[in-house]
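Worksheet: one structure, shown below.
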Amino acid sequence: MRRKWLLISLSAVVLLPVLVIVAVLVFVSVSDLTQHRDVIAEQVSNVLGRQLALDGELELNLGGTTSFVVSDISLANAAWASEADLLAIQRIEAEIRIMPLLRGDIQIPRFHVTGVDASLETDADGQSNWVLADPDAPHPASEDTGAPTGLKLPWVGDLSISDVEIVYLDAGSGQKVTATLDRANTQWDEPTTPLVIDIAGQVNEHPVTVDGKLVLPTVLEMDELDLPVELNASVLGLEAEARGSIKGSARAPAVDLSLVAKAASLKPMREVFGDVVPEVKSVELTMELQGDQDQPVSAKFNASAGKARLNADLKLQREPPRPKLTGAVVVNDVDVMRMWASLLAQEPDKQASKKTPTESTAAPERFDQPIDLAWAGILDANVVVSMERINLPQMRIKTLHSRLVIDERTVTIDESEIVTDAGSAKTELTVDARKKQAAVALDLATSEIKLGKLEPLAKNKRFKHGHVQTDIALSGAGETIAQLVESLEGSVQLDYANKQTKEELRLNLAHQPKQKGVDRTRFKVTADGIMDNQSIKLRGSLIPPEGMLKMAKPYTVDLALEAFGITGKVSGT
-7 MRRKWLLISL
3 SAVVLLPVLV
13 IVAVLVFVSV
23 SDLTQHRDVI
33 AEQVSNVLGR
43 QLALDGELEL
53 NLGGTTSFVV
63 SDISLANAAW
73 ASEADLLAIQ
83 RIEAEIRIMP
93 LLRGDIQIPR
103 FHVTGVDASL
113 ETDADGQSNW
123 VLADPDAPHP
133 ASEDTGAPTG
143 LKLPWVGDLS
153 ISDVEIVYLD
163 AGSGQKVTAT
173 LDRANTQWDE
183 PTTPLVIDIA
193 GQVNEHPVTV
203 DGKLVLPTVL
213 EMDELDLPVE
223 LNASVLGLEA
233 EARGSIKGSA
243 RAPAVDLSLV
253 AKAASLKPMR
263 EVFGDVVPEV
273 KSVELTMELQ
283 GDQDQPVSAK
293 FNASAGKARL
303 NADLKLQREP
313 PRPKLTGAVV
323 VNDVDVMRMW
333 ASLLAQEPDK
343 QASKKTPTES
353 TAAPERFDQP
363 IDLAWAGILD
373 ANVVVSMERI
383 NLPQMRIKTL
393 HSRLVIDERT
403 VTIDESEIVT
413 DAGSAKTELT
423 VDARKKQAAV
433 ALDLATSEIK
443 LGKLEPLAKN
453 KRFKHGHVQT
463 DIALSGAGET
473 IAQLVESLEG
483 SVQLDYANKQ
493 TKEELRLNLA
503 HQPKQKGVDR
513 TRFKVTADGI
523 MDNQSIKLRG
533 SLIPPEGMLK
543 MAKPYTVDLA
553 LEAFGITGKV
563 SGT
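Residues in the sequence shown are numbered consecutively from -7, following the working numbering.
Pasting the structure below:
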């Protein structure tokens, strides 16, 4: 999420000074702009909240196609940053057509940028130097003008960006990323002709290239899509190729796409994105997607990562009253869809219910595969899961009350007990992040879980200084997995507090089964807290259908959310 906003903010940092300069130039005498340089820089500085310096050319030529040249531009950095300038640009040359602009149609025949240096930083408290305005300042509300919903894209005939270096430093984690752009060229002769793309650069000295052709109409009408795709990319060791087209409407598109991607190693990506990228030796992916409004959408997907394999062959039929998904998803030779259907069987096997688990005549379905698990730098473990699906005569949770405490040292789970007619199963989990050790004991009929190497939880700043406590109190009984889940009664409560960032959050999810005086089983969710200096409030309910694990049936949703200055409500089925 942070990287998404970083890219958006960087775009604003680069383009906003340019747009403001152009606006000021229009009202300044064209005869001698040099004498007004300080006035222009002062006006732009007032808008941006940072000192802007204009030390080079300042040229404007008004006409049907207006052109301007600006050189030697620099924008001051935050006071705490390590570099003097946030942004420095050697030269900008651009042309824009005035008459189409008056109609709301942006046409830019030429836009060239040369020599860009950007220094992006985040301090130990999470403050970013590219945030120019006060984040708490009110933003004007947009008005609904009743304009057409089609999205107008600006037409840029000749775009060229070269000699760019962007350095990103995270003081909290010590991560440093250096990205250079040798060239980013696009040629778009006319709005109806293909857009030719040629991009070359490096990220931490790993090459990045993108080339190909796309057709992007200047107005993307949702009912008139015609988008051929022909792209090649090499990004941080990942080689990818996409071919095909998307036509028709967004509601009923005619799709014919193929994608091939391979990487001998994900190490370059881990250097940039951290532990969110799994540490596997190789990755290979192929995908084919075809279909239109008259034919079922078919998808073939094959992927391998290290020793893990996934193969899928699916068809989506848009037949009333509800879409129907058929096919197979196979993980390391295990048919996941067939296993899922077996686990969710609504009627117990009457014959098997008379037998003990070891006497079951049903053929067990087995899943036994090491899993490399890495998530956001918080948890990094090797997990081995071994599970057999058998027909238990009676399965119920007698008591389950767990307490989970997470801080920068330990994770503990205690007071957990699951009971079946075959016997009692107790779970114990203790994790010492300092010694990178973990111990797990679980004995439930023929199921077993083993947890190996664990890295410290303190890699993530939010968890390093924060404290998470989860209280779980659940009870229920049933002869099948579905009946057991539907009968569960109780709640799960999560409390998070961080003294350093002054963040706090309390989330409660409660389940009320049908037999407790309500017409249908339902979930209730509440959340209150403060995150990133913004209040969060969530209230709502989710009412599943009869047989709630059957996702094809409609759910009733009613949610109200107030978070980060946004108020919204979701209701319906």
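Even glycine gets a Cβ: it sits at the ideal position worked out from N, Cα and C. Quick caveat: nothing in here was measured; it's all calculated off a predicted structure.
Residue span of the alpha helix (DSSP H) that contains residue i, given as start and end
i	result
ALA33	29 to 40
Cβ shell of residue i (< 6 Å), same chain only, five flanking positions each side left out
i	result
ASP218	LYS239
ASN303	ASN294, VAL322
VAL159	SER111, THR170
ASN53	SER59
PRO220	VAL207, SER237
ILE98	PRO146
ALA256	SER274
ASP568	Any answer about residue 568 is impossible in this case: the structure gives the chain only from -7 up to 565.
VAL252	GLU233, THR278
ILE81	ILE65, VAL108
VAL61	GLU49, GLU51, GLU85
ALA73	GLU113, ASN121
ALA579	Here the chain has residues from -7 to 565 only, and residue 579 is not among them.
ARG102	GLU87, ASP150
ASP305	LYS292, GLY319, ALA320
Outcome for residue i when other beta-carbon atoms lying within 10 angstroms are tallied against a minimum of 16
i	result
GLY193	buried
GLN309	exposed
THR114	buried
LEU228	buried
GLU495	buried
ASP30	exposed
VAL562	exposed
LEU40	buried
LEU94	exposed
ASP128	A caution first: ASP128 carries a pLDDT of 49, below 50, which makes its placement in the model unreliable, though a value can still be read off. When all chains shown are included, ASP128 counts as exposed.
ILE528	buried
LEU100	In the sequence on display, residue 100 carries Ile and not Leu. Result: buried.
ASP162	buried
THR513	buried
ASN525	exposed
ASN69	buried
Chain-order list of residues whose beta-carbon lies under 7 Å from that of residue i (same chain, five-residue window excluded)
i	result
GLY283	VAL247, VAL289, SER290
SER37	GLN43, LEU44
GLU222	GLY204, LYS205, ARG235
VAL269	LEU258, MET261, ARG262
GLN179	ASP150, VAL188
MET523	GLU495, LEU497
GLY532	VAL517, ASP550, LEU551, ALA552
VAL156	VAL108, THR172, LEU173
Residue interval of the beta strand (DSSP E) (run including residue i)
i	result
GLU554	548 to 555
LEU501	495 to 504
ASP203	198 to 206
ASP520	514 to 523
GLY229	That residue, GLY229, is in no beta strand (DSSP E); it is neither H nor E in DSSP.
ASP190	187 to 195
GLU51	50 to 53
As assigned by DSSP and simplified to three states, the class of residue i
i	result
SER533	strand
SER479	helix
SER165	coil
ASP174	strand
ASP487	strand
TRP180	coil
PRO220	strand
GLN492	coil
ASP155	strand
ASP150	strand
GLN43	coil
Cβ-based neighbour list, residue i, same chain, cut-off 8 Å, excluding 5 preceding and 5 following
i	result
GLY604	As shown, the chain starts at -7 and ends at 565. That puts residue 604 outside it, with no answer to give.
task: Entirely within the region 55 to 130 and at least 4 residues each: give me those alpha helix (DSSP H) ranges in chain order.
output: 90 to 94
Ignoring anything shorter than 3 residues or poking outside the region 238 to 310, list the beta strand (DSSP E) runs there in chain order.
245 to 255, 275 to 284, 287 to 297, 300 to 309
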